[in-house]
Amino acid sequence: MIKSWSWFNKVSLIVGFAFLYVPIILLVIYSFNESRLVTVWAGFSTKWYGQLFQNEGIMNAAMVTLKVAFLSSTLATIFGTMAGFSMVRFGRFRGRTLFNGMIYAPLVMPEVITGLSLLLMFVAISLDRGLWTITLAHTTFAMCYVAVVIQARLNAFDRSIEEAAMDLGCPPLKTFFVITLPIILPGVLSGWLLSFTLSLDDLVIASFTTGPGATTLPMKIYSMVRFGVTPEINAVSTILIGIIATGVLLASVLHKRRESQRKNDELLASAIP
Amino acid sequence: MGAERLCRVDELSGVAMTSPDPMKKKHKGLPLVSGGLVSMICECPPYRWAASRCYRWGLQGRSLTVMVPYLWLVLLFLAPFLIVVKISFSEIRIAIPPYAPLFEMIDGLYVQLNLHMANYQRLFHDDLYMHAYLSSLRIAVVSTVLTLLVGYPIAYGMARAPKSWRLPLLMLVILPFWTSFLIRVYAWIGILKTEGFLNMFLLWTGVIDEPLVILHTNIAVYIGIVYSYLPFMILPLYSSLEKMDHSLLEAAADLGCPPHKAFWKVTFPLSRPGIIAGCFLVFIPAVGEFVIPDLLGGSSTLMIGKTLWSEFFNNRDWPLASAAAVILLLLLVVPIVWFQRFQSNRSQLGE
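These protein sequence lines map, in sequence, to chains A and B. For the first sequence, counting from 1, position 166 maps to 1365 in the working numbering; every step adds exactly one. For the second sequence, counting from 1, position 274 maps to 294 in the working numbering; every step adds exactly one.
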């Protein structure tokens, strides 16, 4: 390789990562600011966090968000796994093209359209809107992401072990739970994590599909942001960033550990003749 | 935002794909427990009864697995969309819900079809909407080009970094994806506003004498889009640059080609699939963007996502908002289908 890493490459990396991270770092630092003015530093303080936990509106919104995220990501993981499994294993069933279209379309559909269409349907069938309608909406779009993740996982999967199990008389359902599921489990878990964060982040679809009494955290933050930048928003954001960063890092550390565990196993297996 | 997720999925499935050969893994704990549980359930009389019933109705495990997600998507994705199309043809009415029914029974004998084209006519004749569509497309194109200009050097630097650095760098690009979109946009308000960090810094260094007005202009929208969608540009670019065979550059150098010329003759053409994928992933969601123009843009920033939102929530003109949504989707169908073709061609070539 010639001159692999020139000064130009290094400078562009430093500038690029500064661009990506400086806004987030400033946001986190100023959540510990004493002053109400967000851009003037007046000493370290955690008082905004204290106020946050006394703010009933925010705490309620956080509860609603967590409920919706848990419910919808769990449902989305189940349905998404089924959908991904059907797409890889069942070949060309009737209505396959429509099915594929419906899996991929929500991934590229602008959120305003998804939100609008779901709301119009909930109105048309006069369903009471609230926490449950948000959950239905989030499940619908998150399951498509899960289906794509599972599909990728299943494509890299060796079918012969499943066939072996079935040849030995294992019923299909049992084969799925005993053989297939443990192998695609990392995919299922990352699908769940993905749906959870999608639901946690979503503002537009939740705003359309919500009803009286169900305000999610992004909706709350959005309405606060409209009145200007305040240290409370910085504090909520810092907590959210902290939770998500910890989750993602934990997931990748676990993944790494499994990987190295597997390498050890392989080494041991190859050492034994 | 849609593509953001797609990229997250790419990254996740990338992890899944590089994952180990599953055969050699030892399963402890979970499969045994779940296996025991499953065989217990399978041997339970109610399960067998239900299974035989389902079988008699032609419902096997296989068809149930397809049917459940299929029905869910038909009910909660396809049907709502058809309802949007339907309402886009109805007339606004001051009622709950605020639109006239498309089919009306007259004297209990005839069904009258009230197909109302006025919403579409208004979209095409009212300057506001035409401007909103055109300006959405323009903002999306400009910010896609800007994102490419910013993202290329970063992806290039990553691809040329020492091997041990690449994975941590990739992780650093992906991490901001997972943090909330709204929060990342919000962070820029504090930076760009008149008494914000950027102006404070520039005044302090003496580059400017008076604070710049950036927030609530189109420039702020460009910055917001570039910032939010940068990882989507970097990931496909990086994956095509990283796959590149470095001996090609060595060959060019051996034949006396100067490095900058070698870049344009060798590296750049080879990274074209990455450039195309990255541009689509930025362009498609940028057209329908709502949060960025709403929070960073000003009253002069027209984007269709924002117009649709205010038409719906502020003016409560549901039929018009539906018509706007249908047109927006028609605008996006061409690039989306093109992109899908491009991706499937590429995956076929890759195999």
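Ideal Cβ positions, reconstructed from N, Cα and C, are used throughout, including at glycine. Because the structure is a prediction, the values reported are computed rather than measured.
**Request:** Taking C299 (chain B) as part of the alpha helix (DSSP H), name the residues at either end of that continuous run.
**Result:** Within the second sequence, residue 299 (chain B) is the residue found at index 279, counting from 1. Counting along the chain, the alpha helix (DSSP H) containing C299 (chain B) begins and ends at 292-307.
**Asked** For L1219 (chain A) versus P196 (chain B), is the C-beta spacing smaller than 8 Å?
**Response** Against the first sequence, residue 1219 (chain A) aligns to sequence position 20. Against the second sequence, residue 196 (chain B) aligns to sequence position 176. Closer than 8 Å, so yes.
**C-alpha gap between K326 (chain B) and V1322 (chain A), whole angstroms** = On the second sequence, residue 326 (chain B) is found 306 positions in, with the first residue counted as 1. On the first sequence, residue 1322 (chain A) is found 123 positions in, with the first residue counted as 1. If I take the Cα positions, the gap works out to 22 Å.
**Prompt:** Would you say I415 (chain B) faces chain A, with C-beta separation under 8 Å as the test?
**Reply:** Residue 415 (chain B) falls outside the range modelled here, since chain B spans only 21 to 371, and no answer is possible.
**Request:** Check each residue of the segment 206-238 of chain B: if its Cβ is closer than 7 Å to any Cβ of chain A, include it; give the result in chain order.
**Result:** Y206, A207, W208, I209, G210, I211, E215, G216, F217, M220
**Message:** Out of B:L202, B:P293, B:I211, which one is the CA nearest neighbour of Y386 (chain B)?
**Reply:** Because chain B spans 21 through 371 in this model, residue 386 (chain B) falls outside it and cannot be assessed.
**Request:** Could you name the residues of the same chain whose beta carbon sits closer than 7 Å to that of R1328 (chain A), not counting the 5 residues immediately before and after it, in chain order?
**Result:** Taking the first residue of the first sequence as position 1, residue 1328 (chain A) is located at position 129. For R1328 (chain A), where only same-chain residues beyond five positions count, the Cβ hits under 7 Å are F1321, T1408, T1409, G1410.
**Prompt:** When DSSP labels each residue in this structure, what does I1324 (chain A) get in the three-state scheme?
**Reply:** Taking the first residue of the first sequence as 1, we reach residue 1324 (chain A) at position 125. Note: I1324 (chain A) maps to coil in three-state DSSP.
**Prompt:** Between L301 (chain B) and L168 (chain B), what straight-line distance do the alpha-carbon atoms span, to the nearest angstrom?
**Reply:** Your numbering for residue 301 (chain B) matches position 281 in the second sequence. Your numbering for residue 168 (chain B) matches position 148 in the second sequence. Distance between the alpha carbons of L301 (chain B) and L168 (chain B) is about 11 Å.
**Prompt:** Should Y130 (chain B) be labelled buried (16 or more other beta-carbon atoms within 10 Å of its own) or exposed?
**Reply:** As a working note, residue 130 (chain B) is residue 110 in the second sequence. Its Cβ having fewer than 16 others within 10 Å, Y130 (chain B) is exposed.
**Partner residues on chain B for P1371 (chain A), Cβ-Cβ distance less than 8 Å** = Position 172 of the first sequence, counting from 1, holds the residue named residue 1371 (chain A). Within 8 Å Cβ-Cβ: G81, R82.
**Prompt:** With a CB to CB cut of under 7 Å and the five nearest residues on each side skipped, what residues in its chain are close to G244 (chain B)?
**Reply:** Within the second sequence, residue 244 (chain B) is the residue found at index 224, counting from 1. Correct list, in chain order: V205, W208, I312, L316.
**Request:** Output the distance between the C-alpha atoms of N1463 (chain A) and L1380 (chain A), rounded to the nearest integer angstrom.
**Result:** Mapped onto the first sequence, residue 1463 (chain A) falls at position 264. Mapped onto the first sequence, residue 1380 (chain A) falls at position 181. If you take the alpha carbons of N1463 (chain A) and L1380 (chain A), they lie about 23 Å apart.
**Prompt:** Would DSSP call N1232 (chain A) helix, strand or coil?
**Reply:** As a working note, residue 1232 (chain A) is residue 33 in the first sequence. Strand.
**Item:** Beta-carbon proximity of G1275 (chain A) to S1394 (chain A), cut-off 8 Å
**Value:** Walking along the first sequence from the start, residue 1275 (chain A) turns up at place 76. Walking along the first sequence from the start, residue 1394 (chain A) turns up at place 195. The displayed chain sequence assigns Ala, not Gly, to residue 1275 (chain A). Yes, the pair counts as a contact, with Cβ atoms nearer than the cut-off.
**Nearest-angstrom Cβ-Cβ length linking F1340 (chain A) and T1313 (chain A), presumed shorter than 8 Å** = In the first sequence, the residue the question calls residue 1340 (chain A) occupies position 141. In the first sequence, the residue the question calls residue 1313 (chain A) occupies position 114. Confirmed, about 6 Å.
**Request:** Have a look at K48 (chain B) and A1444 (chain A) and give me their C-alpha separation to the nearest angstrom.
**Result:** Position 28 of the second sequence holds residue 48 (chain B). Position 245 of the first sequence holds residue 1444 (chain A). The pLDDT assigned to K48 (chain B) is 44, lower than 50, so where the model puts this residue is not dependable; a value taken from the coordinates is nonetheless given after this. The alpha-carbon atoms of K48 (chain B) and A1444 (chain A) are separated by roughly 29 Å.
**Exposure of N1232 (chain A), with buried meaning 16 or more beta-carbon neighbours within 10 Å** = In the first sequence, the residue the question calls residue 1232 (chain A) occupies position 33. Buried, because 16 or more other Cβ atoms sit within 10 Å of the Cβ of N1232 (chain A).
**Asked** How about S1159 (chain A) and W1247 (chain A): do their beta carbons lie closer than 8 Å?
**Response** Because residue 1159 (chain A) is not part of the residues shown, which for chain A are 1200 to 1472, the question remains open.
**Item:** Any C-beta of chain B under 8 Å from that of S1459 (chain A)
**Value:** Against the first sequence, residue 1459 (chain A) aligns to sequence position 260. It does not; no Cβ of chain B falls within 8 Å.
**Request:** Flag this pair as yes or no: are the beta carbons of I103 (chain B) and V193 (chain B) separated by less than 8 Å?
**Result:** As a working mapping, residue 103 (chain B) is identified with position 83 in the second sequence. As a working mapping, residue 193 (chain B) is identified with position 173 in the second sequence. No, the Cβ-Cβ distance between I103 (chain B) and V193 (chain B) is not below 8 Å.
**Message:** Give me the chain A residues within the contact set of G325 (chain B), using Cβ-Cβ distance strictly less than 7 Å, ordered along the chain.
**Reply:** Counted from its first residue, the second sequence places residue 325 (chain B) at position 305. Residues of chain A passing the Cβ test: P1309, V1311.
**Prompt:** D1400 (chain A) versus chain B: which residues are under 8 Å apart at the beta carbon?
**Reply:** In the first sequence, the residue the question calls residue 1400 (chain A) occupies position 201. Within chain B, the residues near D1400 (chain A) are S200, F201, L202.
**Message:** Looking at chain B, is there any beta carbon in it that lies within less than 8 Å of the beta carbon of I1420 (chain A)?
**Reply:** Translated into the one-based positions of the first sequence, residue 1420 (chain A) becomes position 221. Chain B, which has a Cβ nearer than 8 Å to the Cβ of I1420 (chain A), makes this yes.
**Request:** Could you confirm whether any beta carbon from chain A is found closer than 8 Å to the beta carbon of G318 (chain B)?
**Result:** In the second sequence, residue 318 (chain B) corresponds to position 298, counting from 1. It does not; no Cβ of chain A falls within 8 Å.
**Request:** Taking N1354 (chain A) as part of the alpha helix (DSSP H), name the residues at either end of that continuous run.
**Result:** As a position in the first sequence, residue 1354 (chain A) is number 155, starting the count at 1. In the DSSP assignment, N1354 (chain A) falls within the alpha helix (DSSP H) that extends over 1330-1354.
**Message:** Could you tell me which whole alpha helix (DSSP H) segments of length 4 or greater appear in the segment 1231-1273 of chain A?
**Reply:** 1246-1253
**Request:** Quick one: measure Cβ to Cβ for P339 (chain B) and S108 (chain B), integer angstroms, because I've assumed they're closer than 8 Å.
**Result:** On the second sequence, position 319 is the one that residue 339 (chain B) refers to. On the second sequence, position 88 is the one that residue 108 (chain B) refers to. Confirmed, Cβ separation roughly 6 Å.
**Item:** Residue span of the alpha helix (DSSP H) that contains T1437 (chain A), given as start and end
**Value:** Here residue 1437 (chain A) is taken as the residue at index 238 of the first sequence, counted from 1. Looking at the DSSP string, the run of the alpha helix (DSSP H) that includes T1437 (chain A) is 1430-1470.
**Prompt:** Counting pairs of beta carbons, one from the segment 230-241 of chain B and one from the segment 208-222 of chain B, are three or more of them closer than 8 Å?
**Reply:** yes
**Asked** Would you say M253 (chain B) faces chain A, with C-beta separation under 8 Å as the test?
**Response** Working through the second sequence from its first residue, we reach residue 253 (chain B) at position 233. No, its Cβ sits nowhere closer than 8 Å to a Cβ of chain A.
**Prompt:** So A344 (chain B) and Y149 (chain B) are in contact, right, with Cβ under 8 Å, and what is the actual spacing, rounded?
**Reply:** On the second sequence, residue 344 (chain B) is found 324 positions in, with the first residue counted as 1. On the second sequence, residue 149 (chain B) is found 129 positions in, with the first residue counted as 1. Yes, A344 (chain B) and Y149 (chain B) are in contact; Cβ-Cβ is about 7 Å, under 8 Å.
**Prompt:** For F288 (chain B), which of B:L275, B:I211, B:H266 has the nearest alpha-carbon?
**Reply:** Looking up residue 288 (chain B) in the second sequence gives position 268. Minimum Cα distance to F288 (chain B) is reached at B:H266.
**Request:** Would you list the one or two residues that DSSP bridges to Y176 (chain B)?
**Result:** Locating residue 176 (chain B) in the second sequence gives position 156, counting from the first residue. Paired residue(s): none; Y176 (chain B) is not in a bridge.
**Item:** Closest Cα partner of Y140 (chain B) within the set B:H280, B:G226, B:Q363, B:V346
**Value:** To locate residue 140 (chain B), count along the second sequence from 1; it is residue 120. Closest option to Y140 (chain B), Cα to Cα, is B:V346.
**Request:** Quick one: using the 10 Å Cβ neighbour count with 16 as the cut-off for buried, is G294 (chain B) buried or exposed?
**Result:** As a working mapping, residue 294 (chain B) is identified with position 274 in the second sequence. G294 (chain B) is buried by the Cβ-count criterion.
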